[in-house]
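Heads up, the thing below is written out as structure tokens.
Residue numbers (full-length UniProt numbering): 1 to 50.
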């Protein structure tokens with residue numbers, strides 16, 4: 001599952017709820033999903049896949 005938002009509090013709340021229901025592991029910042037590379041430019045606030 002990939003979670004994307006501009007609100008870190010929301011991400012943390014969602015992860016807490018999911019951990020209560022499912023055995024899950026946080027893999028950190030995504031670099032690849034479904035064979036696509038994920039690129040992020042924090043300063044420009046942009047996210048794209050290739």
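Using N, Cα and C, we set each Cβ at its ideal position, and we do this for glycine too. None of these values were measured; they are calculated from a predicted model.
First and last residue of the alpha helix (DSSP H) that includes residue i?
{"i": "residue 10", "result": "8 to 21"}
For the beta strand (DSSP E) containing residue i, name the first residue and the last one.
{"i": "residue 38", "result": "36 to 41"}
Taking only three categories from DSSP, how would you classify residue i?
{"i": "residue 46", "result": "strand"}
{"i": "residue 3", "result": "coil"}
{"i": "residue 32", "result": "strand"}
Short check: CB of residue i to CB of residue j, under 7 Å?
{"i": "residue 40", "j": "residue 34", "result": "no"}
{"i": "residue 30", "j": "residue 8", "result": "no"}
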